[in-house]
Each structure stands twice: as structure tokens, then as C-alpha cells.
Amino acid sequence: MAEGFFGLLRGTSIVFDMSLTYILVALTAVVLNNATVELLTTHMRITAGYIFALGPLIFIGICDVWLELFTFKQSYAVNLFAVGVVAFGCTVQQSSFYGYTGMLPKRYTQGVMTGESTAGVVISLSRIFTKLLLPDEKGSTIIFFLISISLEFMCFILHLLVRRTHFVQYYTNKALVKNSCRNVSEPSFRYKVHHSTYGEDENTCASTENSMELQSDVTARGTYIRFDVPEFKVKSSWPNFRDMMFHRYLVLRVIWAYMLSISVTYFITLCLFPGLESEIRNCTMGEWLPILIMAVFNLSDFVGKILAAVPYEWRGINLLICSSMRVVFIPLFIMCVYPSGNPTFSHPAWPCIFSLLMGITNGYFGSVPMILASGLVVPEQRELAGNTMTVSYMTGLTLGSAVAYFAYSLASTGHNTCLYPEIYNSSLPPQL
992 MAEGFFGLLR
1002 GTSIVFDMSL
1012 TYILVALTAV
1022 VLNNATVELL
1032 TTHMRITAGY
1042 IFALGPLIFI
1052 GICDVWLELF
1062 TFKQSYAVNL
1072 FAVGVVAFGC
1082 TVQQSSFYGY
1092 TGMLPKRYTQ
1102 GVMTGESTAG
1112 VVISLSRIFT
1122 KLLLPDEKGS
1132 TIIFFLISIS
1142 LEFMCFILHL
1152 LVRRTHFVQY
1162 YTNKALVKNS
1172 CRNVSEPSFR
1182 YKVHHSTYGE
1192 DENTCASTEN
1202 SMELQSDVTA
1212 RGTYIRFDVP
1222 EFKVKSSWPN
1232 FRDMMFHRYL
1242 VLRVIWAYML
1252 SISVTYFITL
1262 CLFPGLESEI
1272 RNCTMGEWLP
1282 ILIMAVFNLS
1292 DFVGKILAAV
1302 PYEWRGINLL
1312 ICSSMRVVFI
1322 PLFIMCVYPS
1332 GNPTFSHPAW
1342 PCIFSLLMGI
1352 TNGYFGSVPM
1362 ILASGLVVPE
1372 QRELAGNTMT
1382 VSYMTGLTLG
1392 SAVAYFAYSL
1402 ASTGHNTCLY
1412 PEIYNSSLPP
1422 QL
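Structure, rendered in C-alpha cells:
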């Protein structure tokens, strides 16, 4: 999307504005989502996320790209607003999915992260093919939007189907029941007349080891009198602020190193991608170079997330050290655009190689902390752990986007005359 609008709004900082808008809204959304984990159901949050994500895509695709109802300035503002709405929906959805899969076996968290990379690969390839097959910018962008909307809608339908499966319900209900059993009120003693429930599911909260009960069969029909042990009632009230903060403290104390690791990983990545990478130009390849670089990154990121499935128990501190070593990519990519007009690494192979390595390490060190963190806490805290990891993940993205704005000045201080001579000439005084 950013690449398409860069062509339509050339000469502006649209790529960076979209990136920063998305990240700032996403950070706000993930904090709000983390605060409402105990208040709103996972399905409710995911559904709301899909609605917020699909609405602006349909609106922009029809009103701006197809019908062209807006002026240049209006289009710029409307698209930034749409990016903000999409960011809110996608982040709520993404954060909820990480918490959702945190309740499942940990390999499913890796599956979600691989799915994210798959989406990036599909979108990159669709953008390449539409640009190749349809020289018309408007037509290719419309098809690009149709593909994106169709994939988003298909994912929503699949979510509705998957959440009803016995497998998913078993693990999610298991975590919810264990959590509800901790919130109990004062016991009460009494006796009741019960009917035999042989063959039915027993209450999961019951503890057969500590129960003491006297039973006396009085009829052949299975009716008996039972003197019950103290019965605990599940509280229906919402948790108070103090309890919510205490739960988060317990989770943070266990997974803090993994949180820092994923935050550092995405901070370094967002310093460079997509902003600075979209500014890398070459006289021979023209506008195809940034498209190729982004495609290489998405493909290698996909490979990195697959490699994260290789079983290896990382310690949090070791993960943090390895993630921090990726900082070497920042000066390497800066040398691909600086000095402006004659960069140190001017050959197009250099940014492609750097993007390949950065994508693999981003996919791996961005997935492993998320996969391992949820397994370090008890089942009833795994959804909260997944959401908390997403907060750290979005914090890294936000800080990285802020730094990317400073890096943008390095790429925009001069003119690249070999790509757009008409733009270069128009920026000079008429007498020259």
C-alpha cells in the first residue's frame, strides 16, 4: 500500500507518515487491548479488530483509488486517517490472537507468526505481479486492494470456523476454568438431594482428593442424599484495578527478558523497514529496487519464522544479547543511501543482501521470544502473557519508526537525477 501511494504522492514523506501513524495508533490500541483482557472476551476483541481493518480498506479502495473523489491534500489526509483506523483494528486483532494462541500448545504461536510473514509474502508478490501485468497504476492498485480485502475476509471466516472446533475449545476452556476457580467466595455448608449423573462431565473445579462426603442411596432410580463439602461460588464481578496490576506484575517478573528481546528486535527492524529501504534507489533498476528489497525482506522473514520452529530452549538473556547484535544493520543500510547521490554501497546487490540477512534474523528473533514466553507462565496467565509480549513488540515498533524519521533526512538531502529528471528540473528556479 505504501509503495503504491509513494508513486502517486511522489515527493512527499507518505511512506514515513503512514508508518509512524500506524505505529502510534497501534501502540495505543495494544495498551488498551491489554487493559481489557479480563473485561472483554477474546472473540469479541478479534471480531472488532476485523471490522476496523476491513472497513477502511473497502472505503479507500472504492472512494479514493477507483472513483478518485478526493483532491491531493484530501487524499493524503484521508489515507493517513484510514491507516490509523486499520492500525487500531489490526493491532487489537493481532494482540488478541497472540493471547489466544498462548492458551494453545506453543507451536501454534509460531504458526500465527509464520502466517503473518506469509501474508507479507503474498502481498509483496501480488504487488509485483500487478505492477508487471498492469502498467496502469490505478488498475494495478485496485486489483491489489481487491486481493487484500478478499484475504482479510477469508481469514475472518476461517477464524469463526476454527474457534468452534473441539480442539480450540478444549484448551481455551481449560485456561478459563482454571482462572475462574481462583476467584471464589466464602463457602457455605448444606445438603441437597441429587440425581445420579453417571456418564456426565464433572465440575472441573471439584477436587476429588480433598473432598469428604457421605452418600446414601435411597432409591433404585439413582436418587441420593449427599452432605456436600464447602461449596465455592465463582464471583461474577469484574476484577479490580489492584488485582489486574498484580497479575501483570507476576507475568512481567517472569518474561521481562523475552519482552526486551522482542522489543529490541523490532526496534532495529523499524528503523530501516519500510521507510529507509523505500528510499534506496538505483539508476539501472529505478523504482523496482525498493519493491525487490521489500520482497526479499518479506521472503526471508518468512524463512526466519519457520526456522523458529526448530526446538531450542533459549535463555532470555541470551536472546536479548543476540537481538541487540542486529544493530549492525543500521549503519549498513545508511551507507546504502549516504552520501546522498553517491552512497558507499551503491550496487543494488548490497541492500538486497542486507535485507535478506535482516529478514531472517527478524523472523527468528521476533518469533522465538513470543513462542517461549507463554510457556513460562501458568495456563490461566498465558493469554495475558501473549498480550503483554505484544505491548513490548509494539513499543519496539514505535521507537523504531521515530528513529526512522531521522534516518529519512539522510536519504532526502539530495536529488537523484537519474531516476526522475522531470522532478529534479521542476525543483530548480526557472532561470536555471
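Terminal number for the sequence shown in the working numbering: 1423, no gaps in between. Glycine included, C-beta positions come from ideal geometry on N, C-alpha and C.
Buried versus exposed, by CB contacts within 10 Å (16 or more), residue 1250: buried
Burial state of residue 1122, where buried means 16 or more other Cβ atoms lie within 10 Å: buried
How many Å lie between residue 1283 and residue 1060 at the Cα? 31 angstroms
Does residue 1274 pass the burial test, meaning 16 or more other C-beta atoms within 10 Å, or should it be called exposed? exposed
Tell me whether residue 1322 is buried or exposed, calling it buried when 16 or more other Cβ atoms sit within 10 Å of its Cβ. exposed
Only counting runs of 3 or more residues, tell me where the beta strand (DSSP E) segments fall wholly within the region 1038–1122, in order along the chain. none
Along the alpha helix (DSSP H) that carries residue 1128, what are the first and last residues, could you check? 1128–1153
Opening and closing residue of the alpha helix (DSSP H) in which residue 1299 lies: Neither: residue 1299 is in no alpha helix (DSSP H) and is coded neither H nor E.
Nearest-angstrom Cα separation, counted from residue 1037 out to residue 1483: Any question about residue 1483 goes unanswered here, given that the chain covers just 992 to 1423.
Pairwise C-alpha distance: residue 1278 and residue 1365: 42 angstroms
Less than 8 angstroms between the CB atoms is what I'm expecting for residue 1257 and residue 1106, so what's the real figure, rounded? Actually they are not in contact, since the Cβ atoms of residue 1257 and residue 1106 sit about 17 angstroms apart, beyond 8 angstroms.
In whole angstroms, what separates the C-alpha of residue 1117 from that of residue 1022? 32 angstroms
Burial state of residue 1240, where buried means 16 or more other Cβ atoms lie within 10 Å: exposed
Looking at residue 1115: is its Cβ nearer than 7 angstroms to the Cβ of residue 1289? yes
Between the Cα of residue 1088 and the Cα atoms of 1004, 1333, 1154, which residue gives the shortest distance? 1154
Endpoints, alpha helix (DSSP H) assigned at residue 1242: 1232–1263
Backbone CA spacing between residue 1265 and residue 1316 [nearest angstrom]: 20 angstroms
Rounding to the nearest angstrom, what Cα-Cα distance links residue 1362 and residue 1103 in this structure? 10 angstroms
Under three-state DSSP, which class holds residue 1273? coil
Quick check on residue 1306: does DSSP put it in helix, strand or coil? coil
Label residue 1084 either buried or exposed according to how many other C-beta atoms from any shown protein chain fall within 10 Å of its C-beta, with 16 as the threshold for buried. buried
Contact belief for residue 1389 with residue 1124 at Cβ below 8 angstroms, rounded distance in angstroms: About 37 angstroms separates the two Cβ atoms, so there is no contact after all.
Curious, which full-length alpha helix (DSSP H) runs of at least 4 residues does the region 1335–1393 contain? 1340–1365
Which term fits residue 1319, buried or exposed, when burial requires 16 or more other beta carbons within 10 angstroms of its beta carbon? exposed
Of all the options 1292, 1260, 1047, which has the alpha carbon lying nearest to the alpha carbon of residue 1112? 1292
Let me know if residue 1372 comes out buried or exposed under the rule of 16 or more other beta-carbons within 10 Å of its beta-carbon. buried
Does the beta-carbon of residue 1301 have 16 or more other beta-carbons within 10 angstroms, so that it is buried, or is it exposed? exposed
Pair every Cβ in the region 1156–1163 with every Cβ in the region 1091–1101, then say whether three or more of these pairs are closer than 8 angstroms. yes
Does the separation of the CB atoms of residue 1354 and residue 1295 fall below 7 angstroms? yes
Exposure of residue 1006, with buried meaning 16 or more beta-carbon neighbours within 10 Å: buried
Find the nearest neighbour of residue 1163 within the set 1034, 1135, 1263, 1078, judged by alpha-carbon distance. 1034
Three-state class that DSSP yields for residue 1268 in the structure shown: helix
Since residue 1079 and residue 1020 are thought to touch, with beta carbons under 8 angstroms apart, how far apart are those beta carbons, to the nearest angstrom? 5 angstroms
Under 8 angstroms Cβ to Cβ from residue 1052, same chain only, skipping five residues before and after it: list those, please. 1133, 1136, 1137, 1140
Pick from 1236, 1326, 1054, 1253: whose alpha carbon is nearest that of residue 1263? 1326
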